[in-house]
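Undergrad:
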Amino acid sequence: MSSSFFGFNIGVRALAASQRALEVAGHNIANINTPGHSRQEAVLKTSQPEGLPQLNGSIAAGQLGSGVQVTEIRRLHDNYIERQLNGELQNQGKWETSLSIFEQIEAIFAEPTDNGLRSMMDTYWNSWRDLENSPENYSIRKNLVENSKSLCNLIQSIYQKLQSVRKDLNTEIYGKVESINNYAHQIQELNSLIKKVTINGDNANDLLDQRDVLIRNLSSIANIEIKQSPYNQVDLFIGGTAMVRGESYFPLEAELSAETGFYNLKWEGTDRYLSLGNGQLYSMINFRDSYLPNFMDSLDELASTIISQTNDLHSGGYGLDGTSTGYDFFSGTGASDIDVNSQIYDHIELIAAAADPEQPGDNQIARQILALREQPLLDGNTTNTDSYYNNLIVRMGIEAQQCKREQENSKLLIDKINLRRESVSGISLDEELVNMVKFQHSYNAAARIINTMDQLFETIINDMGAG
Numbered sequence: 515m516s517s518s519f520f521g522f523n524i525g526v527r528a529l530a531a532s533q534r535a536l537e538v539a540g541h542n543i544a545n546i547n548t549p550g551h552s553r554q555e556a557v558l559k560t561s562q563p564e565g566l567p568q569l570n571g572s573i574a575a576g577q578l579g580s581g582v583q584v585t586e587i588r589r590l591h592d593n594y595i596e597r598q599l600n601g602e603l604q605n606q607g608k609w610e611t612s613l614s615i616f617e618q619i620e621a622i623f624a625e626p627t628d629n630g631l632r633s634m635m636d637t638y639w640n641s642w643r644d645l646e647n648s649p650e651n652y653s654i655r656k657n658l659v660e661n662s663k664s665l666c667n668l669i670q671s672i673y674q675k676l677q678s679v680r681k682d683l684n685t686e687i688y689g690k691v692e693s694i695n696n697y698a699h700q701i702q703e704l705n706s707l708i709k710k711v712t713i714n715g716d717n718a719n720d721l722l723d724q725r726d727v728l729i730r731n732l733s734s735i736a737n738i739e740i741k742q743s744p745y746n747q748v749d750l751f752i753g754g755t756a757m758v759r760g761e762s763y764f765p766l767e768a769e770l771s772a773e774t775g776f777y778n779l780k781w782e783g784t785d786r787y788l789s790l791g792n793g794q795l796y797s798m799i800n801f802r803d804s805y806l807p808n809f810m811d812s813l814d815e816l817a818s819t820i821i822s823q824t825n826d827l828h829s830g831g832y833g834l835d836g837t838s839t840g841y842d843f844f845s846g847t848g849a850s851d852i853d854v855n856s857q858i859y860d861h862i863e864l865i866a867a868a869a870d871p872e873q874p875g876d877n878q879i880a881r882q883i884l885a886l887r888e889q890p891l892l893d894g895n896t897t898n899t900d901s902y903y904n905n906l907i908v909r910m911g912i913e914a915q916q917c918k919r920e921q922e923n924s925k926l927l928i929d930k931i932n933l934r935r936e937s938v939s940g941i942s943l944d945e946e947l948v949n950m951v952k953f954q955h956s957y958n959a960a961a962r963i964i965n966t967m968d969q970l971f972e973t974i975i976n977d978m979g980a981g
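Using my numbering, you'd call the opening residue of the sequence shown number 515 and step up by one each time.
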C-alpha cells in the first residue's frame, strides 16, 4: 500500500527529471560551437511501480505508477560514421600535405616562366649558336660566359632550395612525432578517466567526445587503427604496433641518423622502426626520402651531363690565340657545384670555339657543343637535355594535378561524412530551445502536482483539527 506522501514523491521525481532534462538541453546549447561535441539527451523512464507481485501482497485493481526518472544521459553517436571519418582524414592528410609540398617545388622551378630553367637553358644554347656564327666576337663571348654563369647559378639555386625543402620537412617530421606522442598520451589519460566513470555505472559522454577529437587529429597525421577494449577504452595502433593499450602508452622517438642527417622514426627504447602507410607524416617522409631525392638526382644528372659533355669537347679545342687548349668550360661535377671555369670567365679569349689552332675563326668546337642539345645523352642515351628536362617538369605537373584531384575528392567525401555525423550527433539550436520549453512546462506541471498534494494535506489536517 502506498504511503500518504506517495503523490509528493511522484511530483518530486517529476521535478528532478525535468530539471535534469533542462540541464542537458542547456549543456547542448552551451557547447553548440565546441568542436567534436555530440548531442546528449536525458533518457526518461517510468520509475518502479507500486503493486509488484509478492507473497502476502494486497489485492488491488492494478499497479500504481510511481512517476518518472532519468536513467542515463545518452550521447548520440555512431561509431561506424566515426571510423569512416577517421579513415578518410588519413587520406586527406596525405594528399593535402603532398599538394602543399608540390606547390613549393613548382614555385622553385617556376615553370613555365621567363625565370625558369627551361628559358635559361634556351638562352644558354642560343649563346653557343651566336658563338658558332661569330667565334671571334668578344661581346658574344662575354655574353656566352654570362649566360652560362646564370644557368649554373639557377641550377645550383634550384638544387639548394630542394635540399632546403628536405631539411624543412625533416624539422616538421620531428614536430609531428611530438604531436603524435602528445595526442597518444592524452588518449591514454582519457582512457583511464573513462574507465573509472564507466565502472561507476555512468556515461563518460564529454570525455568520449574529447577522445574522439584527439583521435581525429591523430588520424590526419598517421594511419592509425582503433580497437575497442573493455570499459569504453580504446587501443591505438600505428603500422600494426600498439601505441596505446588501455591505460598504457608507448611513445615514438625521432632518432637523428649520423649517415643522412635526417630523423628515423622508431619506438622508444626499441630497435623497431615505425611503419607508415598514410597521413601527413607518411607524405612528408615519402617526399623527404624518395620524391625530392629523385628530383635532385635528375637535376644532378642533367647538370653533370652538360658539364662532362661540354668539357670533353671544349678541352680539345683552341682559344683565339691558337695555342690555348685543354681548358674545361665548366667546373664542378653536378647540380650542387656547377659553375663556369673561373679562368674562362676571367679570360674569354680562352673559350675554345676552334678545332684548328691555325684558324682562330674556326667554329667547329662551338658547333659540336651546340649539337649536344639534340643528342640523346640521358636516360640510357635515349633523351636529349631539353626533352629530359621537359619530361621532368611534365611528370611533376601530372603528379601535382593528381594530388589536387585526390585532395578535392577527399574533401568532398569528408564533407559528406560530416553531414551524416551532424545528422546523428549535431546540435540543432531550434530543437534544443523547443526541448527547453517542453521541459520547462513539465517542471511547472510537476510543481503543480506538489502544490495540489499540499492543498489536499492542508484540507485533511485542517478538517481533522476542526473535529
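Glycine included, each C-beta is placed from N, C-alpha and C at the ideal position.
Is E625 helix, strand or coil when you go by DSSP?
TA: For the purposes of this step, residue 625 is identified with residue 111 of the sequence shown, where counting begins at 1. DSSP places E625 in coil when its eight states are reduced to three.
Undergrad: Determine the DSSP secondary structure at Y763, reduced to helix, strand or coil.
TA: As a working note, residue 763 is residue 249 in the sequence shown. In the structure shown, Y763 sits in a strand (DSSP, three-state: E or B).
Undergrad: Once the 5 residues before and after P807 are set aside, which same chain residues still bring their CB inside 6 Å of it?
TA: Here residue 807 refers to the residue found at position 293 of the sequence shown. Result list for P807: empty, nothing under 6 Å.
Undergrad: Taking only three categories from DSSP, how would you classify S804?
TA: Position 290 of the sequence shown holds residue 804. Looking at S804 - three-state DSSP - the assignment turns out to be helix.
Undergrad: On the premise that S850 lies in contact with Y638, defined as a C-beta separation below 8 Å, what is that separation, rounded to the nearest angstrom?
TA: Here residue 638 refers to the residue found at position 124 when the sequence shown is read from its first residue. Here residue 850 refers to the residue found at position 336 when the sequence shown is read from its first residue. Actually they do not touch by this definition, with Cβ atoms about 19 Å apart.
Undergrad: Take the Cβ of F519 as the centre, count every other Cβ of all protein chains shown within 10 Å, and call the residue buried at 16 or more, exposed below.
TA: For this step, residue 519 is matched to residue 5 along the sequence shown. Label assigned to F519: exposed.
Undergrad: Is the beta carbon of I708 closer than 8 Å to that of Q742?
TA: Locating residue 742 in the sequence shown gives position 228, counting from the first residue. Locating residue 708 in the sequence shown gives position 194, counting from the first residue. Contact flag unset, no.
Undergrad: Quick check on E936: does DSSP put it in helix, strand or coil?
TA: Reading the sequence shown from its first residue, position 422 is the one you call residue 936. In the structure shown, E936 sits in a helix (DSSP, three-state: H, G or I).
Undergrad: Out of W609, E888, I669, point me to the one whose CA is closest to N629's CA.
TA: On the sequence shown, residue 629 is found 115 positions in, with the first residue counted as 1. Comparing Cα-Cα distances from N629 to each of W609, E888, I669, the minimum goes to I669.
Undergrad: In three-state DSSP terms, what is Y745?
TA: Taking the sequence shown and counting its residues from 1, the one referred to as residue 745 is at position 231. Of the three classes helix, strand and coil, the one that applies to Y745 here is coil, per DSSP.
Undergrad: Mind checking which residues open and close the alpha helix (DSSP H) that includes L788?
TA: Translated into the one-based positions of the sequence shown, residue 788 becomes position 274. No alpha helix (DSSP H) holds L788; DSSP gives it neither H nor E.
Undergrad: Between I524 and the rest of its own chain, which residues show a CB-CB distance below 7 Å, the 5 nearest in sequence each way excluded?
TA: Counting from 1 along the sequence shown, the entry for residue 524 is found at position 10. Excluding positions up to five away in sequence, the list reads S580, G581, I963.
Undergrad: Could you tell me which residues DSSP puts in a beta bridge with I738?
TA: Start at 1 with the first residue of the sequence shown, and residue 738 comes out as number 224. In DSSP, I738 forms a bridge with I752.
Undergrad: Given a threshold of 16 other Cβ atoms within 10 Å of its Cβ, counted over all protein chains shown, does V938 qualify as buried or as exposed?
TA: Numbered from 1 along the sequence shown, position 424 holds the residue referred to as residue 938. The residue is exposed, with fewer than 16 neighbouring Cβ atoms inside 10 Å.
Undergrad: Are there 16 or more other CB atoms within 10 angstroms of the CB of H955, so buried, or fewer, so exposed?
TA: On the sequence shown, residue 955 is found 441 positions in, with the first residue counted as 1. Burial call: exposed.
Undergrad: Would you call V758 buried or exposed, if buried means 16 or more other Cβ atoms sit within 10 Å of its Cβ?
TA: What you label residue 758 is simply residue 244 of the sequence shown in a count that begins at 1. Buried, because 16 or more other Cβ atoms sit within 10 Å of the Cβ of V758.
Undergrad: Is it buried or exposed, G981, if we count other Cβ atoms within 10 angstroms and call 16 or more buried?
TA: As a working note, residue 981 is residue 467 in the sequence shown. Caution is warranted here: a pLDDT of 49 is assigned to G981, below 50, making its placement in the model unreliable, and no coordinate value can be reported.
Undergrad: For the beta strand (DSSP E) containing Q889, list its first residue and its last residue.
TA: By 1-based counting over the sequence shown, the position of residue 889 is 375. First-last for Q889: undefined, no H or E at that position.
Undergrad: Taking contact to mean at least 3 C-beta pairs separated by less than 8 Å, is the segment 726-746 in contact with the segment 693-702?
TA: Segments in contact, yes.
Undergrad: Rounded to whole angstroms, what is the Cα-Cα separation between E625 and L631?
TA: To locate residue 625, count along the sequence shown from 1; it is residue 111. To locate residue 631, count along the sequence shown from 1; it is residue 117. Taking the straight line joining both Cα atoms gives about 8 Å.
Undergrad: Per DSSP, which one or two residues make a beta bridge with F844?
TA: Here residue 844 refers to the residue found at position 330 of the sequence shown. DSSP lists V854 as partners of F844.
Undergrad: Does the beta-carbon of P649 have 16 or more other beta-carbons within 10 angstroms, so that it is buried, or is it exposed?
TA: Position 135 of the sequence shown, counted from the start, is the residue given in the question as residue 649. Its Cβ being crowded by 16 or more others within 10 Å, P649 is buried.
Undergrad: How would you call S797, buried or exposed, if buried means at least 16 neighbouring beta carbons within 10 angstroms?
TA: Looking up residue 797 in the sequence shown gives position 283. When all chains shown are included, S797 counts as buried.
Undergrad: Quick one: is A772 buried, meaning 16 or more other Cβ sit within 10 Å of its Cβ, or exposed?
TA: Locating residue 772 in the sequence shown gives position 258, where the first residue counts as 1. So A772 counts as exposed.
Undergrad: State the Cα-Cα distance for the pair H551 and D723, rounded to the nearest angstrom.
TA: Position 37 of the sequence shown holds residue 551. Position 209 of the sequence shown holds residue 723. Their backbone Cα atoms lie some 6 Å apart in a straight line.
Undergrad: Since I546 is in the alpha helix (DSSP H), which residue starts that stretch and which ends it?
TA: Position 32 of the sequence shown holds residue 546. It is not in any alpha helix (DSSP H) - I546 carries neither H nor E in the DSSP assignment.
Undergrad: Quick one, are the C-beta atoms of N661 and S641 less than 8 Å apart?
TA: The residue given as residue 661 occupies position 147 in the sequence shown. The residue given as residue 641 occupies position 127 in the sequence shown. Against a cut-off of 8 Å, the Cβ pair of S641 and N661 comes out as a contact.
Undergrad: Can you tell me whether T774 is helix, strand or coil according to DSSP?
TA: Numbered from its first residue, the sequence shown carries residue 774 at position 260. It is coil, neither helix nor strand.
Undergrad: Which one of Y902, L864, F953 has the shortest CA to CA distance from L658?
TA: Against the sequence shown, residue 658 aligns to sequence position 144. Selected option, being the one with the closest Cα: L864.
Undergrad: Bridge partners for Y832 per DSSP, in chain order?
TA: Start at 1 with the first residue of the sequence shown, and residue 832 comes out as number 318. In DSSP, Y832 forms a bridge with T839, A868.
Undergrad: Across the segment 826-833 and the segment 860-875, are there enough close Cβ pairs to call them in contact, namely three or more that are closer than 8 Å?
TA: Because the criterion of three Cβ pairs below 8 Å is met, the segment 826-833 and the segment 860-875 touch.
Undergrad: Alpha carbon to alpha carbon, how far is L886 from S678? Give it in angstroms, no decimals.
TA: Taking the sequence shown and counting its residues from 1, the one referred to as residue 678 is at position 164. Taking the sequence shown and counting its residues from 1, the one referred to as residue 886 is at position 372. For S678 and L886, the distance between alpha carbons rounds to 31 Å.
Undergrad: In the DSSP assignment, find the unbroken alpha helix (DSSP H) run with A556 in it and report its ends.
TA: Translated into the one-based positions of the sequence shown, residue 556 becomes position 42. Where A556 is concerned, there is no enclosing alpha helix (DSSP H), although the beta strand (DSSP E) it sits in stretches over 554-560.
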